[in-house]
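See below for the structure under consideration.
2 protein chains.
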Amino acid sequence: MTDEEKFKSESRAVILKAIAHPSRIFIVDKLNEKSYCVCELADLIGIDQSTASKHLSILKKAGIIDDTKKGTTVYYSLRCKCLLDFIGCIENVIKMNIERDSKYLFTVNKV
Amino acid sequence: MTDEEKFKSESRAVILKAIAHPSRIFIVDKLNEKSYCVCELADLIGIDQSTASKHLSILKKAGIIDDTKKGTTVYYSLRCKCLLDFIGCIENVIKMNIERDSKYLFTVNKV
DNA sequence: TGCATATATGGTAAAATAGCCATAAAGCCA
DNA sequence: TGGCTTTATGGCTATTTTACCATATATGCA
Chain H
161 MTDEEKFKSE
171 SRAVILKAIA
181 HPSRIFIVDK
191 LNEKSYCVCE
201 LADLIGIDQS
211 TASKHLSILK
221 KAGIIDDTKK
231 GTTVYYSLRC
241 KCLLDFIGCI
251 ENVIKMNIER
261 DSKYLFTVNK
271 V
Chain C
161 MTDEEKFKSE
171 SRAVILKAIA
181 HPSRIFIVDK
191 LNEKSYCVCE
201 LADLIGIDQS
211 TASKHLSILK
221 KAGIIDDTKK
231 GTTVYYSLRC
241 KCLLDFIGCI
251 ENVIKMNIER
261 DSKYLFTVNK
271 V
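Here the protein sequences line up with chains H and C, keeping their order.
Each residue of the first sequence is one higher than the one before, starting from 161 at the first, in the working numbering.
Each residue of the second sequence is one higher than the one before, starting from 161 at the first, in the working numbering.
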């Protein structure tokens, strides 16, 4: 890899790694509906408030979400609408995998 | 999270985590042009052959790439074309981040 | 002011990930 | 058959990630 290619791949990996966690994907999906504050998300996911806060700071640092303060409450919102197509693509891969796996099962049962 | 939501988020995370690594993003990007074998990719990236093989097996397990054997050589190819839009979305976030950061720099310099 | 609520952060232990080396497995060819 | 090439996998260590607890910070309200 050239230095430029390396930089490019690393930049992309930062964004992807930020979303690549069950709780954080869930957050991105939820924020698509509306804004949520930290404790709401922590409750929804069922994790510690401090853990939720850290997840949100990772997403924020990657530029995926934005925050707005209202009193002591911090509301987080999605920064980029394209993340929906993004998730759509992942779903597409999952569907393909399910099809492949069921074909495999069919073959096995057939024997 | 309900069990269903948990399962959904975890399934999505598997796909995302598979791509969320500099070398693996590079591979996905390269495979868009054409198929490559393991040693070619290892050379292109500049990593050990065994490391490349492990990266490829992660991508394959996630259903992102397919493989075809020709003699001892194994050619890997992209399984889902939608991964391009995927990368396009990441690039979009990166662009937004650059814009944000340059605005910040501008503000700082102004003071 | 004193207390409750909301969030962020440092510490820490456990788990997951990444990379290389060594080596096994499989196929090609002289 | 024997050697060469290509790929996959086990072993190992170093690094990173994750989640909780404890605690600091900040805001609102009685």
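The beta carbon of each residue, even a glycine, is placed where N, CA and C say it ideally should be.
query, result
"What's the gap between the Cα of C:E164 and the Cα of H:S213?", "23 Å"
"Could you check if C:I254 belongs to the surroundings of the ligand SAM, using beta carbon to heavy atom distance under 7 Å?", "Questions concerning the ligand SAM fall outside what the structure shown contains, since it holds no ligand whatsoever."
"Quick check: the Cα distance between C:S217 and C:K263, rounded to an integer number of angstroms?", "41 Å"
"So C:A173 and H:P182 are supposed to be a Cβ contact under 8 Å. How far apart are they, rounded?", "5 Å"
"Is there a Cβ of chain C sitting closer than 8 Å to that of H:K194, yes or no?", "no"
"Per DSSP, which residues does C:S237 bridge with? Please list them.", "C:D226"
"Any beta carbon of chain C sitting closer than 8 Å to that of H:H181?", "yes"
"For C:C199, count neighbouring C-beta atoms within 10 Å of its own C-beta (all shown protein chains included) and say buried if the count is 16 or more, exposed if not.", "exposed"
"The alpha helix (DSSP H) that contains C:C199, what's its start and end?", "198-205"
"Nearest CA to the CA of C:R184: which residue from C:R260, C:E259, C:L201?", "C:L201"
"Using 8 Å as the Cβ pair cut-off and three pairs as the minimum, do the segment 225-243 of chain H and the segment 226-242 of chain C touch?", "no"
"Tell me the rounded alpha-carbon separation between H:L161 and H:E259.", "First, the residue type needs correcting, since residue 161 of chain H is Met and not Leu in the sequence shown. Near 35 Å, if we compare the C-alpha coordinates of H:E259 and H:M161."
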